[in-house]
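Reading through the C-alpha coordinates given below for one structure.
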Amino acid sequence: MAEDKIAYKNILAPIDGSKISEAIVEKAAAVAVRNQTVLDLLYVIDTNSISGLAGMSISGDVVYQLVQDAEEKLSKYADIARQQGAKEVNIHVRFGSPKTVIARDFPKDHNTGLIMLGKSGLNTLERLLVGSVATFVVQNAKVDILIVQ
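The numbering of the sequence shown is the working numbering, which starts it at 2 and goes up by one.
In C-alpha coordinates, the structure reads:
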(Lines of atoms letter the chains of each structure in order from A and count residues from 1; the text may use other names and numbers.)
(Lines give C-alpha, C1' and ligand atoms only; values in the text may rest on other atoms or scores of the structure.)
Protein backbone atom coordinates (compact mmCIF):
# COMPACT_ATOMS: atom_id res chain seq x y z
CA MET A 1 0.00 0.00 0.00
CA ALA A 2 1.38 3.39 -0.92
CA GLU A 3 2.30 5.60 2.01
CA ASP A 4 0.08 8.47 0.83
CA LYS A 5 -2.94 6.16 0.99
CA ILE A 6 -2.41 5.46 4.68
CA ALA A 7 -1.36 8.95 5.72
CA TYR A 8 -3.87 10.87 7.79
CA LYS A 9 -5.20 14.20 6.61
CA ASN A 10 -6.35 16.74 9.19
CA ILE A 11 -5.90 15.43 12.69
CA LEU A 12 -8.36 16.50 15.38
CA ALA A 13 -7.28 16.74 19.01
CA PRO A 14 -10.19 17.78 21.22
CA ILE A 15 -8.98 19.10 24.56
CA ASP A 16 -10.66 20.26 27.73
CA GLY A 17 -7.77 21.44 29.87
CA SER A 18 -7.69 18.25 31.96
CA LYS A 19 -4.45 16.53 32.98
CA ILE A 20 -4.35 14.40 29.85
CA SER A 21 -4.73 17.35 27.45
CA GLU A 22 -1.00 18.02 27.18
CA ALA A 23 -0.26 14.36 26.38
CA ILE A 24 -2.98 14.40 23.72
CA VAL A 25 -1.49 17.51 22.11
CA GLU A 26 2.08 16.17 22.18
CA LYS A 27 1.09 12.85 20.63
CA ALA A 28 -1.23 14.46 18.07
CA ALA A 29 1.54 16.87 17.08
CA ALA A 30 3.91 13.95 16.53
CA VAL A 31 1.36 12.22 14.29
CA ALA A 32 0.73 15.49 12.40
CA VAL A 33 4.48 15.89 11.82
CA ARG A 34 4.84 12.31 10.54
CA ASN A 35 1.84 12.76 8.23
CA GLN A 36 2.78 16.32 7.21
CA THR A 37 -0.75 17.46 7.87
CA VAL A 38 -2.88 19.97 9.76
CA LEU A 39 -3.51 19.64 13.49
CA ASP A 40 -6.85 21.02 14.66
CA LEU A 41 -7.15 21.69 18.39
CA LEU A 42 -10.77 21.87 19.50
CA TYR A 43 -12.41 23.03 22.72
CA VAL A 44 -16.16 22.41 22.96
CA ILE A 45 -18.18 24.56 25.34
CA ASP A 46 -20.94 22.26 26.50
CA THR A 47 -24.23 24.09 25.99
CA ASN A 48 -26.09 21.43 27.98
CA SER A 49 -24.16 22.25 31.15
CA ILE A 50 -24.51 26.00 30.55
CA SER A 51 -28.28 25.82 30.10
CA GLY A 52 -28.61 23.48 33.06
CA LEU A 53 -27.56 26.08 35.60
CA ALA A 54 -30.86 26.15 37.53
CA GLY A 55 -32.69 27.53 34.49
CA MET A 56 -30.76 30.79 34.73
CA SER A 57 -30.10 32.77 31.60
CA ILE A 58 -26.47 33.35 30.79
CA SER A 59 -25.30 36.85 30.00
CA GLY A 60 -23.20 37.78 27.01
CA ASP A 61 -20.35 38.60 29.39
CA VAL A 62 -20.34 35.03 30.72
CA VAL A 63 -20.35 33.58 27.20
CA TYR A 64 -17.56 35.95 26.18
CA GLN A 65 -15.49 34.89 29.21
CA LEU A 66 -16.04 31.19 28.43
CA VAL A 67 -14.77 31.74 24.88
CA GLN A 68 -11.78 33.79 26.11
CA ASP A 69 -10.82 31.05 28.59
CA ALA A 70 -11.12 28.37 25.92
CA GLU A 71 -8.98 30.37 23.46
CA GLU A 72 -6.29 30.93 26.12
CA LYS A 73 -6.10 27.19 26.80
CA LEU A 74 -6.01 26.42 23.09
CA SER A 75 -3.25 28.96 22.45
CA LYS A 76 -1.12 27.37 25.17
CA TYR A 77 -1.63 23.93 23.64
CA ALA A 78 -0.99 25.23 20.12
CA ASP A 79 2.39 26.51 21.33
CA ILE A 80 3.18 23.05 22.71
CA ALA A 81 2.23 21.45 19.37
CA ARG A 82 4.46 23.87 17.47
CA GLN A 83 7.35 23.13 19.84
CA GLN A 84 6.85 19.46 18.94
CA GLY A 85 7.31 20.37 15.26
CA ALA A 86 3.73 20.68 14.02
CA LYS A 87 3.74 23.21 11.17
CA GLU A 88 0.05 24.05 10.79
CA VAL A 89 -1.91 24.18 14.04
CA ASN A 90 -5.42 25.63 14.08
CA ILE A 91 -7.50 26.37 17.17
CA HIS A 92 -11.28 26.12 17.26
CA VAL A 93 -13.95 26.85 19.87
CA ARG A 94 -17.39 25.37 19.32
CA PHE A 95 -20.62 25.38 21.28
CA GLY A 96 -22.75 22.26 21.56
CA SER A 97 -22.67 18.73 22.89
CA PRO A 98 -19.00 17.65 23.02
CA LYS A 99 -20.00 14.14 21.95
CA THR A 100 -21.68 15.12 18.70
CA VAL A 101 -19.36 18.01 17.86
CA ILE A 102 -16.29 15.76 18.20
CA ALA A 103 -17.75 12.63 16.62
CA ARG A 104 -19.78 14.13 13.77
CA ASP A 105 -19.96 17.88 13.23
CA PHE A 106 -16.33 19.00 13.35
CA PRO A 107 -14.88 16.06 11.35
CA LYS A 108 -17.45 16.61 8.61
CA ASP A 109 -16.76 20.35 8.44
CA HIS A 110 -12.95 19.98 8.44
CA ASN A 111 -12.35 16.74 6.52
CA THR A 112 -10.80 15.10 9.59
CA GLY A 113 -9.00 11.81 9.03
CA LEU A 114 -8.05 10.96 12.62
CA ILE A 115 -9.43 11.95 16.02
CA MET A 116 -7.04 11.66 18.95
CA LEU A 117 -8.68 12.03 22.34
CA GLY A 118 -8.20 11.03 25.93
CA LYS A 119 -10.09 8.27 27.63
CA SER A 120 -12.93 9.30 29.88
CA GLY A 121 -12.06 11.44 32.86
CA LEU A 122 -15.41 10.69 34.47
CA ASN A 123 -15.88 8.40 37.44
CA THR A 124 -18.14 5.34 37.16
CA LEU A 125 -21.30 7.10 38.36
CA GLU A 126 -20.80 10.07 36.02
CA ARG A 127 -20.25 7.70 33.07
CA LEU A 128 -23.52 5.91 33.90
CA LEU A 129 -25.43 9.19 34.13
CA VAL A 130 -24.02 11.20 31.23
CA GLY A 131 -21.95 8.69 29.29
CA SER A 132 -18.37 8.98 28.20
CA VAL A 133 -17.45 11.32 25.35
CA ALA A 134 -14.71 8.90 24.31
CA THR A 135 -17.14 5.97 24.18
CA PHE A 136 -19.63 7.95 22.11
CA VAL A 137 -16.93 9.13 19.70
CA VAL A 138 -15.56 5.60 19.24
CA GLN A 139 -19.04 4.26 18.52
CA ASN A 140 -20.24 7.09 16.25
CA ALA A 141 -17.33 8.72 14.42
CA LYS A 142 -16.84 7.88 10.75
CA VAL A 143 -13.04 8.32 10.94
CA ASP A 144 -10.22 6.56 12.75
CA ILE A 145 -9.91 7.13 16.50
CA LEU A 146 -6.82 6.96 18.67
CA ILE A 147 -7.33 6.97 22.45
CA VAL A 148 -4.51 8.54 24.43
CA GLN A 149 -3.90 7.08 27.91
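Every residue gets a Cβ at the ideal spot worked out from N, C-alpha and C, and that includes glycine.
In the three-state scheme derived from DSSP, where H, G and I count as helix and E and B as strand, Y9 is classed as coil.
For V26, the enclosing alpha helix (DSSP H) starts and ends at S22 to N36. The beta carbons of Q85 and A30 sit closer together than 9 Å.
A residue is called buried when at least 16 other Cβ atoms come within 10 angstroms of its Cβ; K20 does not meet this threshold and is exposed. Between the alpha carbons of K88 and E27 lies a gap of roughly 13 Å. Comparing C-alpha distances from A33 to each of V94, A79 and R95 shows the shortest one belongs to A79.
In this structure, K74 sits away from R105, with a CB-CB distance that is not shorter than 9 Å. Only buried fits V134, as 16 or more other CB atoms lie within 10 angstroms of its CB.
D70 and H111 have their C-alpha atoms some 23 Å from each other. Annotation for T101: no residue places its beta carbon closer than 7 Å to its own, counting only its chain and skipping 5 residues before and after. Under the three-state reduction of DSSP, G97 is assigned to strand. In the assembly as shown, S22 is a buried residue. Its beta-carbon has 16 or more other beta-carbons within 10 Å.
G119 has V149 as its beta-bridge partners, per DSSP.
Its Cα nearest to that of R83, the residue L42 stands out among M117, L42 and Q140. Going by DSSP, V138 is part of no beta strand (DSSP E) but of the alpha helix (DSSP H) stretching over V134 to N141.
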